[in-house]
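Protein chains in written order, with UniProt numbering: chain L, 1 to 441; chain X, 1 to 441.
Number of protein chains: 2
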Amino acid sequence: MNRLEPTDPAALPPIKVALLGCGVVGSQVARLITQQSEDLTNRVGQRIELVGIAVRSLERDFGGLDPELFTTDADALVSRGDLDVVVEVVGGIEPVRSLVLKAIEHGASVVTANKALLAQDGETLFSAAERAGVDLYYEAAVAGAIPIVRPLRESLVGDEITTVMGIVNGTTNYILDQMTTTGADFADALAQAQELGYAEADPTADIEGFDAAAKAAIMATLAFHTRVRGADVYREGITQVSAADIAAARKAGCVVKLLAVLRLDDAGRVSVRVHPALVPDSHPLAGIHGAYNAIFVESREAGRLMFMGPGAGGSPTASAVMGDLVTVARNRVRGVAGPGESVYAEREIMPMGEVETRYLVRVEVTDEPGVLAACATVFSNHNVSVQTVDQTTAENTDEQVAVLALMTHLARESDLQAVVAELGTRPFTRGPVAVIRVEGK
Amino acid sequence: MNRLEPTDPAALPPIKVALLGCGVVGSQVARLITQQSEDLTNRVGQRIELVGIAVRSLERDFGGLDPELFTTDADALVSRGDLDVVVEVVGGIEPVRSLVLKAIEHGASVVTANKALLAQDGETLFSAAERAGVDLYYEAAVAGAIPIVRPLRESLVGDEITTVMGIVNGTTNYILDQMTTTGADFADALAQAQELGYAEADPTADIEGFDAAAKAAIMATLAFHTRVRGADVYREGITQVSAADIAAARKAGCVVKLLAVLRLDDAGRVSVRVHPALVPDSHPLAGIHGAYNAIFVESREAGRLMFMGPGAGGSPTASAVMGDLVTVARNRVRGVAGPGESVYAEREIMPMGEVETRYLVRVEVTDEPGVLAACATVFSNHNVSVQTVDQTTAENTDEQVAVLALMTHLARESDLQAVVAELGTRPFTRGPVAVIRVEGK
């Protein structure tokens, strides 16, 4: 019992919470509100009462919850007018966007796990929350249970964040990890992930990088205090990653990861991109296996920080939602709202062509004298400096063919693309040129 | 510029900040307040103005700061009555405790990095802050720049934390890392750490585990919502760790780390301890090298999380202080205080004898038939189950002597101590019995 507060918190009027969605995450949230009632009361200072759950259909298993709580009329639920907090774990854009705005207009604070909505239209939601004087919290929207929103929003807010680099999608990390450990190709690893429930029947949002791009946009907005939307993020998925890419990575002492890479350059411009990348074995992100997530943050004063944990799943995501729910409920008890968005800078988002990184370029060439020099000349023609070259003889070919794997120093994306284009026109080139970016070196 | 707030924040009255201490951390805080003025104004909503710096002596390098800011009269500074925030980076108990209380009584919020003070008398400080309606923030007190206070206090507050296991002292991690990589003994590794500035001239607080114990107490209070003081923490330093311990760890596939281990058992009792421990190479904490810190958190819903980063140093600690300063300043701008302490449970703190963990026990015995069986009987006499035994021949002895290294299953500390006592009385035992706990397996 708090020694300074003799009032029995259980006797005070409750904090009324409505839940939108009761699937994998929502059912866990409902369970935790119910099971942990006493602890939550002590932590919040008033009781948390679940007053309604909006679902698509009432023909369902209520999972031990009071069937009276359930309704299919989400609109009526968020418009009750007496709600303190609406927890949204439905996902997608509409009708959720309208429901959340309506809840805010009716004076409720909102806790959401909806990365797609925040990345597409966060501005509208945050403006509405600020006008209404309510909270909009979203720790669960990025990297599941890993606390990353609060560290970016509060812990590092007195510092200048220069880099955020993360594995923020568990499905793709699981697939790439499988490809690395078993040598499987992408299709087989995806099928296995689907069988085990790590990938959805329609895996597009994950494997094409849309999910990671939405999270990257949210993190960039927080880290750089400037508006970054999902559509601003350069995005490549993992569907083109081949077993040969994985093997080439291993040979270079690296693993392939789908990374979200956010950088602030010295001129104050930001770049935000999601793509497969080689990460050296020695980098902490290389050791993140299976469906785990990890986020590496570099700032001017704090240096290098890393956060890791389960990036998805019902219970971990529910944990993040519950942390926000308690924080928002504490604010309601004290009659205040937490700090709003801190988006005051209007930073230029760099076009991908101007981004600088390192590359591993693989090309099959005719195995003749002078080809290596000719190939190296193509790189220097476009100001791309080569750090290492690895030449091997190609297997299973009749012709005398060599495979060159060239690791570059830092180079501009547009210059590298010019190298690839020119290599494609040269007579010594046999087959397509494979390029993969290299990060964390 | 915030689109919803047309007022120019720079035109509003400033948030007045006083700094107690201007050493390694304080000088960086002063620099950041001055250098980042525009960003801070945008992030806070009002200008942050450094109005005074209390130091021990004015015969000093002012480091480019206005000499007029400096004073030796800390008491007068905190009693000005117009301060919004006092940042305390002096350390130690008195006179800091009195100064912080006086600042709070005069209506200032406090940001502190003082782990010793919070671990000894946090209750008094938090009560005073709550009475005065001001904030007391202390992210920098635990693990430097690593955001751990906010994750424990807010992100995981809707979950039940069951384990916190951390490397929270950079000096001892550096020393143990050196012993591991170079084979140096403790005294040499300490001397080297002192030479490089990783250890202080009087290293007692670090090497005897007092610093880690204070951080453990602060984390336990946050994680388990019950009061845990520094004196409640079982504590062993690293001065007794020998090159032989390190070698035995390597042989067992482990490294030696100084760990803070906090657990909540199924009966709701807590155990909080700081001691050297073997950590398996496969555990993420085993890969934390040099002066880095890392904290591993396990909770019922979120699962396993880990946070890592620089655990000390002027700039990283200043980053954590600045994050708190901006948060507290934002609260002042909005006329609110953040949530206070959540200490409502009165949990039993387990005596060390009742704690269960695993152990590596090393004992030199006469190399005769029946000794292994006799030795194993001593373990079973006290209900300690042995998992593995490794027997080798001792070097440099005239007698026929064997070294037994026995790894136990989970056992009670008091039972293990009884095993050690009985082994000491047995005629087959040659020399002292070496025991080191094993965590993270």
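Ideal Cβ placement from N, Cα and C applies to all residues, glycine included. As the structure is a computational prediction, the values presented were derived from the model and not from experiment.
On the three-state DSSP scale, how would you describe residue i?
i	result
L:Glu439	coil
L:Val241	coil
L:Val384	coil
L:Val96	helix
X:Cys22	coil
L:Pro14	coil
X:Phe379	helix
X:Pro316	helix
L:Leu278	strand
L:Pro432	coil
L:Val365	strand
residue 442 of chain L	Here chain L comprises residues numbered 1 to 441, so residue 442 of chain L is not present and cannot be evaluated.
L:Pro151	helix
X:Met350	coil
X:Gln28	helix
X:Phe62	coil
L:Gly52	strand
L:Ser57	coil
X:Glu356	strand
L:Ser414	helix
X:Ala345	coil
Can you list the residues of chain X that residue i reaches, using a CB-CB cut of under 7 Å?
i	result
L:Phe307	Phe307
L:Arg227	Ordered by position in chain X, no residue passes the 7 Å Cβ test against L:Arg227, which lies about 10 Å from the chain.
L:Arg263	None at all; the shortest Cβ gap to chain X is about 18 Å.
Below 8 Å on C-beta distance, what does residue i contact in chain X?
i	result
L:Ile295	Simply none; closest approach about 10 Å.
L:Gly323	Glu154, Ser155, Leu156, Val157, Gly158 and Asp159
L:Arg330	Pro339
L:Thr327	Glu154, Val157 and Pro339
L:Pro151	Pro147, Arg150 and Pro151
L:Pro316	Glu301, Ala302 and Gly303
Residues of chain L with a CB under 9 Å from the CB of residue i: which are they?
i	result
X:Ser319	Ser155, Leu156, Gly158, Asp159, Ser299, Arg300, Glu301, Ala302 and Gly303
Determine the chain X residues that contact residue i at a beta-carbon separation under 9 Å, and present them in chain order.
i	result
L:Tyr138	Ordered by position in chain X, no residue passes the 9 Å Cβ test against L:Tyr138, which lies about 12 Å from the chain.
L:Val255	Those within 9 Å of L:Val255 in chain X number zero; the least Cβ separation is about 15 Å.
L:Arg60	Those within 9 Å of L:Arg60 in chain X number zero; the least Cβ separation is about 23 Å.
Once you ignore the five residues that flank residue i on each side, which residues in its own chain have a CB closer than 8 Å to its CB?
i	result
L:Val378	Val419, Glu422, Leu423 and Arg426
X:Lys251	Asp390 and Ala405
L:Phe428	Val365, Thr366, Glu368, Val371, Ala374 and Cys375
L:Gly338	Asp135, Tyr137, Thr327, Val328 and Asn331
L:Pro147	Glu139, Phe307, Ala320 and Gly323
Give the residues of chain L in contact with residue i, contact being defined as C-beta atoms less than 8 Å apart.
i	result
X:Ile146	Leu305
X:Pro280	Result: empty, since nearest Cβ-Cβ is about 14 Å, beyond 8 Å.
Cβ closer than 9 Å: which chain A residues qualify as neighbours of residue i?
i	result
L:Pro310	You won't find chain A in this structure, because its protein chains are L and X.
Here's a check: name, in chain order, each residue in its chain whose Cβ is nearer than 6 Å to the Cβ of residue i, leaving out the five neighbours to either side.
i	result
X:Leu12	Gln46
L:Tyr198	Thr171, Tyr174 and Ala291
L:Val89	Gly21, Val25, Gly26 and Ala113
L:Ala140	Ala113, Thr317, Ala320 and Val321
X:Asn383	Asp415
L:Gly309	Ala145 and Ile146
X:Pro9	Thr41, Gly45 and Gln46
X:Ser342	His225
Please return the same chain residues whose Cβ sits closer than 7 Å to the Cβ of residue i, not counting the five positions on each side in sequence.
i	result
L:His409	Arg358, Ser385 and Gln387
X:Gly440	Met165, Val279, Pro280, His283 and Leu285
L:Ala30	Leu19, Cys22, Leu50, Ile53 and Leu65
X:Gly183	Ala243
X:Glu315	Looking at the sequence provided, one finds Ser at residue 315 of chain X rather than Glu. Hits under 7 Å: Gln28.
X:Asp159	Ser299, Arg300, Glu301 and Ala302
X:Ala189	Ile175, Gln178 and Met179
How would you list, in chain order, the residues of chain L whose beta-carbon sits under 7 Å from the beta-carbon of residue i?
i	result
X:Arg269	Neighbours of X:Arg269 on chain L: none; closest Cβ ~16 Å, over 7 Å.
Residues within the segment 22-53 of chain X neighbouring chain L, beta-carbon criterion of under 8 Å: Going along the segment 22-53 of chain X in chain order, one finds Gln28, Leu32, Gln36, Asp39, Leu40, Asn42 and Arg43 with a Cβ nearer than 8 Å to chain L.
Members of the segment 337-349 of chain L that neighbour chain X once the beta carbon cut-off is set at 9 Å: Ala337, Gly338, Pro339, Gly340, Glu341, Ser342, Val343, Tyr344, Ala345 and Glu346
Contained alpha helix (DSSP H) runs [length at least 4] in the segment 79-123 of chain X, N- to C-terminal order: The qualifying runs are 96-105.
The UniProt domain "ACT" (360-437) of chain X: which residues have C-beta closer than 9 Å to a C-beta of chain L, in chain order? none
What runs of the beta strand (DSSP E), each 3 residues or longer, lie entirely inside the segment 167-247 of chain X? none
Mind checking the segment 102-118 of chain L against chain X and listing, in chain order, the residues whose C-beta falls within less than 8 Å of any C-beta there? none
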